[in-house]
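Down below is the structure, laid out as structure tokens.
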Amino acid sequence: MSTPTASFAGRTVARVGYGAAQLGRLGDHRAEAVALVRRAVELGVNHVDTAEFYGFGFANAVIREAVRPEDDVVVVTKVGADPNPGGRLPLRMAQRPEQLRASVEDNLRSLGVDRLPVVNLRRLDSGPGLRPEGDQVVDLDDQLAAMITLRDEGKIGAIGLGSVTLDGLRRALPAGIVCVQNAYSLVSRDDEDLLRLCAAEGIAWVPFFPLGGAFPGLPKVAEEPVVHTVAESLGVTPAQVGLAWLLHHAPNVLLIPGTADPGHLEANMAAGEIAFDEATLAVLDAVESRSSEVSLG
2 MSTPTASFAG
12 RTVARVGYGA
22 AQLGRLGDHR
32 AEAVALVRRA
42 VELGVNHVDT
52 AEFYGFGFAN
62 AVIREAVRPE
72 DDVVVVTKVG
82 ADPNPGGRLP
92 LRMAQRPEQL
102 RASVEDNLRS
112 LGVDRLPVVN
122 LRRLDSGPGL
132 RPEGDQVVDL
142 DDQLAAMITL
152 RDEGKIGAIG
162 LGSVTLDGLR
172 RALPAGIVCV
182 QNAYSLVSRD
192 DEDLLRLCAA
202 EGIAWVPFFP
212 LGGAFPGLPK
222 VAEEPVVHTV
232 AESLGVTPAQ
242 VGLAWLLHHA
252 PNVLLIPGTA
262 DPGHLEANMA
272 AGEIAFDEAT
282 LAVLDAVESR
292 SSEVSLG
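Each position in the sequence shown, counted from 1, maps to that position plus 1 in our numbering.
As structure tokens, then:
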């Protein structure tokens, strides 16, 4: 199966990758989880997104077992939050510079590598989710200084940002940002200006919640009647339409849809081959965008 490619952190990657957030659902079925990641690689995935707090380390352990050096996969991880077993939420904020360093070390150990190709600094400035308070309110410049030091030490290869504002990205540009991960989908396009800045600067746009609706109160792509109409006309699923629209919308979009199901994995990869004519694209572009600002605090 062939998928479109793009440049990312000095590498050429398939524009449809794999996000490991849902691997934790297979926590009692490790062999199935390993087989799923292996299948992703077989289908052409060479960009995998993970975090130490996905499944409390389970996702990283599976990727370590499943991904081989000869696969030439760009494994991207993130810092800014740590696992929180037993807590009200499965993660806790870890924004302070010393916590960022500790999180990088944790990811190096759990992935079994000496260097992390890309590490995203997950800020808490925009989109759905937690907002920092107390000692977790940390200046972006202080965080970037820590990330640059880690890059200079060779522990990370490149720096990305997540849940960042337009002004935040502008401040961070001198650090050499290679990607931005913000919540973004056909039905939640708050960050259009941010996406345009990324395109102009050659920065990959890697949307999380690419189909919306991960939290209660967020709009869902699959609930849009026009998406169903387009899907039926093309003989594909509404989810595939939502993913394909993102690829058509901007050339710097890289997708990391997550799943624990092999069938959904293959469907996600196939979305990279869906073509829209101009009329269909115009109909999808006209879908109303609703805010993705939902707090978990």
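Just so it is clear, CB atoms sit at the ideal spot from N, CA and C, and this is done for glycine as well.
Among the options, the one whose alpha carbon lies nearest that of residue i
{"i": "D126", "options": "K221, D168, A146, A159", "result": "D168"}
{"i": "R40", "options": "L282, N269, E279, G214", "result": "N269"}
{"i": "G113", "options": "A146, A60, P91", "result": "A60"}
{"i": "W206", "options": "N183, V14, P175", "result": "N183"}
{"i": "V46", "options": "E193, A62, V75", "result": "V75"}
{"i": "I204", "options": "A52, C180, A22", "result": "C180"}
{"i": "D50", "options": "V119, D278, P5", "result": "V119"}
{"i": "L266", "options": "H249, A240, E71, I149", "result": "A240"}
{"i": "G273", "options": "V68, L256, P263", "result": "L256"}
Range of the contiguous alpha helix (DSSP H) that encloses residue i
{"i": "L281", "result": "It is Thr, not Leu, that sits at residue 281 in the sequence shown. Unbroken alpha helix (DSSP H) run through T281: 279-286."}
Whole-angstrom distance between residue j and residue i, CA atom to CA atom
{"i": "R26", "j": "S104", "result": "23 Å"}
{"i": "G213", "j": "G155", "result": "36 Å"}
{"i": "V138", "j": "Q96", "result": "7 Å"}
{"i": "V14", "j": "E224", "result": "31 Å"}
{"i": "T1", "j": "L196", "result": "Outside the displayed span of the chain (2 to 298) sits residue 1, for which this structure offers no information."}
Assigned exposure category for residue i - 16 Cβ within 10 Å defines buried
{"i": "H48", "result": "buried"}
{"i": "G243", "result": "buried"}
{"i": "P217", "result": "exposed"}
{"i": "S189", "result": "buried"}
{"i": "R124", "result": "buried"}
{"i": "S1", "result": "Outside the displayed range of the chain (2 to 298) lies residue 1, so it cannot be described from this structure."}
{"i": "P1", "result": "Nothing in the structure corresponds to residue 1, since the chain is present only between 2 and 298."}
Integer Cβ distance of residue i from residue j, believed to fall under 8 Å
{"i": "Q144", "j": "L122", "result": "6 Å"}
{"i": "L219", "j": "P129", "result": "6 Å"}
{"i": "I160", "j": "G177", "result": "7 Å"}
{"i": "A147", "j": "P98", "result": "4 Å"}
{"i": "F1", "j": "A232", "result": "One cannot answer for residue 1 here, as it falls past the ends of the chain, which runs 2 to 298."}
Residue interval of the beta strand (DSSP E) (run including residue i)
{"i": "H83", "result": "Note on identity: in this sequence residue 83 is Asp, with His being the wrong assignment. Here the beta strand (DSSP E) through D83 covers 82-84."}
{"i": "I64", "result": "It is not in any beta strand (DSSP E) - I64 instead sits in the alpha helix (DSSP H) that spans 59-67."}
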